[in-house]
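Have a look at the structure below, then the notes.
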Amino acid sequence: MASNVQPKPVPKHIRFILGGLAGIGAVTVCHPLDFLKTRMQLRTEGTVATEHTTFIHMAKTVILTEGPLHLFDGLSAAVMRQIFYTSARTGIFTSLNDIYSKDGQPPTIIQRLGIGVVTGVVGTFFGVPFDVALIRMSADGRLPPEERRNYHHVGDAFYRIITEEGILTLWRGIIPTMCRAVVVSTSAFVTYLQTKEFFIRRGYMQDNFSNHFVSSMISGLVTTITSLPFDAIKTRLQNMKIKDGKAEYAGMLDATTKIITKEGVSSLFRGFTPYYLRQGPFTILYFVMLEFITKEYRRFVLGDMSGAGL
Ligand SMILES: *[C@@H]1O[C@H](CO)[C@@H](O)[C@H](O)[C@H]1NC(C)=O
Numbered sequence: 001m002a003s004n005v006q007p008k009p010v011p012k013h014i015r016f017i018l019g020g021l022a023g024i025g026a027v028t029v030c031h032p033l034d035f036l037k038t039r040m041q042l043r044t045e046g047t048v049a050t051e052h053t054t055f056i057h058m059a060k061t062v063i064l065t066e067g068p069l070h071l072f073d074g075l076s077a078a079v080m081r082q083i084f085y086t087s088a089r090t091g092i093f094t095s096l097n098d099i100y101s102k103d104g105q106p107p108t109i110i111q112r113l114g115i116g117v118v119t120g121v122v123g124t125f126f127g128v129p130f131d132v133a134l135i136r137m138s139a140d141g142r143l144p145p146e147e148r149r150n151y152h153h154v155g156d157a158f159y160r161i162i163t164e165e166g167i168l169t170l171w172r173g174i175i176p177t178m179c180r181a182v183v184v185s186t187s188a189f190v191t192y193l194q195t196k197e198f199f200i201r202r203g204y205m206q207d208n209f210s211n212h213f214v215s216s217m218i219s220g221l222v223t224t225i226t227s228l229p230f231d232a233i234k235t236r237l238q239n240m241k242i243k244d245g246k247a248e249y250a251g252m253l254d255a256t257t258k259i260i261t262k263e264g265v266s267s268l269f270r271g272f273t274p275y276y277l278r279q280g281p282f283t284i285l286y287f288v289m290l291e292f293i294t295k296e297y298r299r300f301v302l303g304d305m306s307g308a309g310l
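Quick note on UniProt numbering: the sequence shown kicks off at 1 and runs consecutively.
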């Protein structure tokens, strides 16, 4: 962006693929943290929190009682979720960002917030079924054997959810998931791009690895704080079982009220440490990889030596 040469545009379908690849790389590394976060969010479900469990304690318990490999329960769903959801999100956001860039000027922050909302809403439809499978697969090991769902992999989870509970169950929790997706998309992309461009404009850093690292770290922290409450509600709804024909929570508002009155507001922020430890490195790995593979794509495929990334 410092030079006057405009970087060559990356085709839109390639934007989707690059986003999916960056997402898969990042999610595989971070999966155990995501798993621990889900477990902590479900820890006090239906009861009042009595003991204070840290995330280290939770990790130890899972490793000792279930085995270390169980930290990767649900990985197939997490990877599939990246293939559909993160590639959709990245493709939509970066394509719209290109469209609203005029004469080398990036879109305004207001335009970007709007792009983030659109991205989150559309991306959600691709992501929710994988979310439901993922949450349930992560939750399974904490149940007594007779209550476990024992999905073998994401395909089995889909098949059984559709046959046992109806296809609509795959979109359970769509409202909090959408709220979370809108908050995540706007927080993550907007914070990242605005911070990165701020550093470049002020001459603190070029468009290089150091800048990508610091900007994505800030983006990860902002995203964690803004999205955790939505994530907590989503987890509860997607994991809920229907007992005697009665659902535990009627919907997002009901779940929010019940959790706050029975367990306290702090329950919505439970799992902060693993969520940040997951969201932070995930955001960093995702953006650093995305910048890198986009730059290499431009270099090798488009013959664009400008060094531009995203
Ligand atoms: C990035 O750029 C800044 C200044 O523009 C420089 O101080 C820093 O060392 C660079 N980092 C890398 C990894 O090249």
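Idealized CB from N, CA, C, for every residue including glycine.
(request) Consult DSSP for residue 241 and reduce its assignment to one of helix, strand or coil. (result) In the structure shown, residue 241 falls within a coil segment according to DSSP collapsed to helix, strand and coil.
(request) Assign residue 78 to one of three DSSP states: helix, strand, or coil. (result) Correct three-state label for residue 78: helix.
(message) Quick check on residue 246: does DSSP put it in helix, strand or coil?
(response) Under the three-state reduction of DSSP output, residue 246 falls in the strand class.
(message) For the pair the region 196-204 and the region 163-175, tell me if three or more CB-CB distances fall below 8 Å.
(response) The region 196-204, when compared against the region 163-175, does not touch it at the 8 Å Cβ threshold.
(request) State yes or no: is the C-beta of residue 105 nearer than 8 Å to some heavy atom of ligand 1? (result) Residue 105 has its CB no nearer than 8 Å to any heavy atom of ligand 1.
(request) Just tell me which of 281, 220, 201 and 174 has its CA closest to the CA of residue 191. (result) Residue 191 has its Cα closest to that of 220, out of 281, 220, 201 and 174.
(request) With a threshold of 8 Å, establish whether the CB of residue 203 neighbours any heavy atom of ligand 1. (result) Because some heavy atom of ligand 1 lies under 8 Å away, the Cβ of residue 203 counts as near it: yes.
(message) What does the Cβ neighbour count give for residue 208, buried or exposed, with the cut at 16 atoms within 10 Å?
(response) Exposed: under 16 other Cβ atoms inside 10 Å.
(request) Would you mind working out which of 270, 111, 299 and 171 sits nearest residue 40, comparing C-alpha positions? (result) Looking only at 270, 111, 299 and 171, the smallest Cα-Cα distance to residue 40 is reached by 270.
(request) For residue 103, count neighbouring Cβ atoms within 10 angstroms of its own Cβ and tell me buried if that reaches 16, exposed if not. (result) The residue is exposed, with fewer than 16 neighbouring Cβ atoms inside 10 Å.
(request) With residue 66 as the anchor, note down where its alpha helix (DSSP H) starts and where it stops. (result) No residue range can be given for residue 66, since it is assigned to no alpha helix (DSSP H) and is classified by DSSP as neither H nor E.
(message) With a threshold of 6 Å on Cβ separation, who are the neighbours of residue 319 within its own chain once the five nearest residues in sequence on each side are excluded?
(response) The structure shown does not extend to residue 319, since the chain spans only 1 to 310, so no value can be given for it.
(message) Nearer than 8 Å: is that true of the beta carbon of residue 292 relative to any heavy atom of ligand 1?
(response) No - ligand 1 has no heavy atom lying nearer than 8 Å to the Cβ of residue 292.
(message) Among the candidates 90, 229 and 121, whose CA atom is the shortest distance from the CA of residue 260?
(response) Nearest of 90, 229 and 121 to residue 260, Cα basis: 229.
(message) Tell me whether residue 328, by its Cβ, gets closer than 8 Å to a heavy atom of ligand 1.
(response) Since the first and last residues shown for the chain are 1 and 310, residue 328 lies out of range.
(request) Tell me whether residue 41 sits in a helix, a strand or coil according to DSSP, three-state version. (result) DSSP places residue 41 in helix when its eight states are reduced to three.
(request) Answer with buried or exposed for residue 78, where buried requires no fewer than 16 other C-beta atoms within 10 angstroms of its C-beta. (result) The residue in question, residue 78, is buried, as its Cβ has 16 or more Cβ neighbours within 10 Å.
(request) Would you decide whether residue 16 is buried or exposed? Buried here means 16 or more other CB atoms lie within 10 Å of its CB. (result) Classification of residue 16: buried, given that the 10 Å Cβ count is 16 or more.
(message) Are there any heavy atoms of ligand 1 lying less than 8 Å away from the beta-carbon of residue 209, as far as the coordinates show?
(response) Under cutoff, so the answer is yes.
(message) Determine whether the beta carbon atoms of residue 310 and residue 193 lie at a separation below 9 Å.
(response) Result yes, Cβ atoms of residue 310 and residue 193 sit closer than 9 Å.
(request) Could you please give the first and the last residue of the uninterrupted alpha helix (DSSP H) stretch that includes residue 88? (result) Taken as a continuous stretch (DSSP letters only), the alpha helix (DSSP H) holding residue 88 covers 87-99.
(request) State buried or exposed for residue 236, treating a residue as buried only when at least 16 other CB atoms are found within 10 Å of its CB. (result) Buried.
(request) Starting from residue 102, follow its DSSP beta bridges and name the residues at the other end. (result) Residue 102 is bridged to 105.
(message) Checking 9 Å against the spacing of the C-beta atoms, do residue 216 and residue 184 come in under that value?
(response) Pairing residue 216 with residue 184 gives a Cβ-Cβ distance that is not under 9 Å.
(request) Taking residue 151 as part of the alpha helix (DSSP H), name the residues at either end of that continuous run. (result) Premise fails: residue 151 is in no alpha helix (DSSP H) and is neither H nor E.
(request) Tell me the start and end of each unbroken alpha helix (DSSP H) in the UniProt repeat "Solcar" (107-198) that is at least 4 residues and wholly inside, in chain order. (result) If we require 4 residues or more, the alpha helix (DSSP H) runs fully inside the UniProt repeat "Solcar" (107-198) come out as 109-139, 154-165 and 174-185.
(request) Put residue 10 into one of helix, strand or coil per three-state DSSP. (result) When secondary structure is reduced to three states using DSSP, residue 10 falls in the coil class, being assigned neither helix nor strand.
(request) Taking only beta-carbon positions, decide if residue 18 is within less than 9 Å of chain B. (result) The structure shown contains no chain B, having only a single protein chain.
(request) Decide if residue 110 is buried, meaning its Cβ has at least 16 other Cβ atoms within 10 Å, or exposed. (result) Here residue 110 is exposed: its Cβ has fewer than 16 other Cβ atoms, across all protein chains shown, within 10 Å.
(message) In the DSSP assignment, the alpha helix (DSSP H) including residue 287 goes from what residue to what residue?
(response) First-last of the alpha helix (DSSP H) with residue 287: 272-300.
(message) Within a Cβ cutoff of 7 Å, which residues of the same chain sit near residue 26, ignoring the five residues on either side of it in sequence?
(response) Counting only Cβ-Cβ distances below 7 Å, and skipping sequence neighbours, we find 282, 285, 286 and 289.
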